[in-house]
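Take a look at the structure below.
Residue numbers (the working numbering), protein chains in the order written: chain W, 1 to 305; chain D, 1001 to 1260.
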């Protein structure tokens, strides 16, 4: 345990140190302006003089103002403790059903992500099965699947929202569709690879038993694909979350972590943006961890763990 | 022997169409294998020994001549569960236990659960793996895995056992042991065995008949009837009879290469 803990703590400490250090040049100009207004002596004096100066030079010339770069209400780069405090207050100190609560927004995002992931993973598996069993599908579907991923999701997300809205679908479903759009692809690729993983010898062997296509699918291809499937599900679930967040930006529903990011940027609430970012990252980590746990359980039961 | 041959090839030809043009893998192969024979196919790589075995198993389609297995076409024989096939690699599914792997063909062929359990027990015993049914393949040595794969091929009571260099990937000591075991198993079950190898001692030690093949195009150059008794201890390999057959096999292999 100790051998793991020390490197982990070291890395976290290094990131924190870098982050706090980065806050100084990022926020120094505002800190100097505030200090000067309150009558303190800063170097050099006068906002106009400082305007075009390097942030690093200003930071070096005013070590006395460093403290103020870590406590601003609307900093360019909030300090870690500010983000943590915002995360805490917006999850623990407000009613989880309130629109100020990250739990509320997180749930909105999570529900669309889960629905989108279910659609995406299901679609991915079905397409993969088709691709492996039909040469026509292999030739026709795969190029489109690849092409679909070369389109920037930011460009296509608003279209999906608009099109689905015009047929009366709004809220959860359009976001889930965008989320599925991103998450089906890694599942298709991984699953095709997995279903094709049995060697020619394995396939010859089931042939000598006169196995039907269905039998060799259920008894050979499908179990052989399990490790590949889980690897791609992990990527897929993370893509799902990204898809949902992107879908929340233009959807204008005023809910979800994506909206939180957007509204934070409207009002210059950088602390809010960063805490929403972290909430997203934590959510993604939890989703990947859940899949990892299912993976370990399933592979262990299969004797592959 | 007066009975009908179990496997009969007449003027068998097989030409593969490759990007570099047609390759004649088998040319005018004539062979009869009788019930209870242990026939080894020996020859350098590319001589068509594996291809011939695959033709018998209906894994390749001959382009000329005729081939019958138990009087049927290879395809029909496969549907009638005429043979079990053992590959060079054990090819056990890592997600199934040893018993689960042996059960696999039985599941596919639709045996009842009770029959499956009974047959699995029987063949595990036959290959000396009783008690290992619950282990996973990775928990077994290479030799044991190959034995399990032989058990799998025997599980559904096929009369013919086709083996494609089954011990090729094993070390010599394990190979000797498995050869001995295979002979005992053959004596007990009276199967007809087709055995591909590139080891002369292995072929001579195991077989009642040795088919010597040569490449480009793949053809039979010699068929040697072994005078060795059915009962063969490992030290028979030092007997004059054994050495004489081995010599003849070597001569046959050399003759096939004469034009090189």
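Glycine is no exception: its CB is placed at the ideal position from the N, C-alpha and C atoms.
Under DSSP, residue 1022 (chain D) takes part in a beta bridge, and its partners are D:1017. By the rule that beta-carbons nearer than 8 Å mark a contact, residue 231 (chain W) does not touch chain D.
Look at the segment 1083-1099 of chain D: the residues with a C-beta under 9 Å from a C-beta of chain W are 1083, 1084, 1085, 1087, 1088, 1089, 1091, 1093, 1094, 1095, 1096 and 1097.
For a Cβ distance threshold of 7 Å, nothing in chain W lies close to residue 1160 (chain D): the least Cβ distance comes to about 11 Å. The count of Cβ pairs closer than 8 Å, one atom from the segment 1002-1018 of chain D and one from the segment 1171-1188 of chain D, stays below three, leaving the stretches out of contact. In the DSSP annotation of this structure, the continuous segment of the alpha helix (DSSP H) that includes residue 1102 (chain D) starts and ends at 1098-1109. Within the same chain, Cβ atoms closer than 8 Å to the Cβ of residue 1246 (chain D) are found at 1200, 1201 and 1204, the five residues on either side in sequence being excluded. Taking C-beta separations shorter than 7 Å and ignoring five residues to either side along the sequence, the partners of residue 229 (chain W) in its chain run 190, 191 and 194, following chain order. Residues of the same chain with a CB within less than 7 Å of the CB of residue 1052 (chain D), apart from the 5 flanking positions on each side, are 1026, 1029 and 1041 in chain order.
In this chain, the alpha helix (DSSP H) harbouring residue 122 (chain W) covers 102-133. The C-beta distance from residue 1093 (chain D) to residue 1057 (chain D) rounds to 20 Å, too long to meet the 8 Å contact threshold. Residue 295 (chain W) sits buried, since 16 or more C-beta atoms from the chains shown fall within 10 Å of its C-beta. Here the segment 214-226 of chain W makes no contact with the segment 267-283 of chain W; the two share fewer than three CB pairs at distances below 8 Å. Contact check for residue 112 (chain W) and residue 21 (chain W): beta-carbon distance about 37 Å, past the 8 Å limit, so the pair fails to qualify.
Take the alpha-carbon of residue 146 (chain W) and the one of residue 210 (chain W): they are about 35 Å apart. Among the residues of the segment 123-141 of chain W, none has a Cβ less than 7 Å away from any Cβ of chain D.
The beta carbon of residue 98 (chain W) lies closer than 7 Å to those of 104 in the same chain, with the five residues before and after it left out. The contact set of residue 1105 (chain D) on chain W, defined by CB atoms closer than 7 Å, consists of 209 in chain order. For residue 1214 (chain D), the pairing in a beta bridge is given by DSSP as D:1219.
Boundaries of the beta strand (DSSP E) harbouring residue 1066 (chain D): 1064-1069, taken from the DSSP string. Chain W places a beta carbon closer than 8 Å to that of residue 1079 (chain D), counting this residue as a contact. Taking 8 Å as the upper bound for CB-CB distance, residue 42 (chain W) and residue 65 (chain W) are in contact here, some 7 Å apart.
Residue 166 (chain W) is classed as exposed because its beta carbon has fewer than 16 other beta carbons within 10 Å across all chains shown.
The three-state reading of DSSP puts residue 1085 (chain D) in strand, counting E and B together.
Among the bridge pairs identified by DSSP, residue 1010 (chain D) is matched with D:1066.
In terms of beta-carbon proximity, residue 191 (chain W) stays away from the interface with chain D, with every pair separated by 8 Å or more. Runs of the alpha helix (DSSP H) lying entirely within the segment 219-293 of chain W and spanning at least 4 residues, in chain order: 222-251 and 257-266.
By the criterion of a C-beta distance shorter than 6 Å, residue 1078 (chain D) is surrounded in its chain by 1058, once the five residues flanking it on both sides are discounted. Neighbours of residue 215 (chain W) in chain D, taken as residues whose beta carbon is under 9 Å from its own, are 1107 and 1108 in chain order. Linking residue 1164 (chain D) to residue 1197 (chain D) through their CA atoms gives a straight-line distance of about 7 Å. Counted as a single uninterrupted DSSP element, the beta strand (DSSP E) harbouring residue 1161 (chain D) occupies residues 1160-1164.
In its chain, beyond the 5 residues on either side, 120, 123 and 124 have a beta carbon closer than 6 Å to the beta carbon of residue 184 (chain W). Counting only runs that start and end inside the segment 133-192 of chain W, the alpha helix (DSSP H) elements of at least 4 residues fall at 135-150 and 153-166. The beta carbon of residue 297 (chain W) sits no closer than 8 Å to any beta carbon of chain D.
Scanning chain W for C-beta atoms nearer than 9 Å to the C-beta of residue 1059 (chain D) yields 204, 207 and 208, reported in chain order. Looking at the DSSP output, residue 1194 (chain D) sits in a beta bridge with D:1039 and D:1162.
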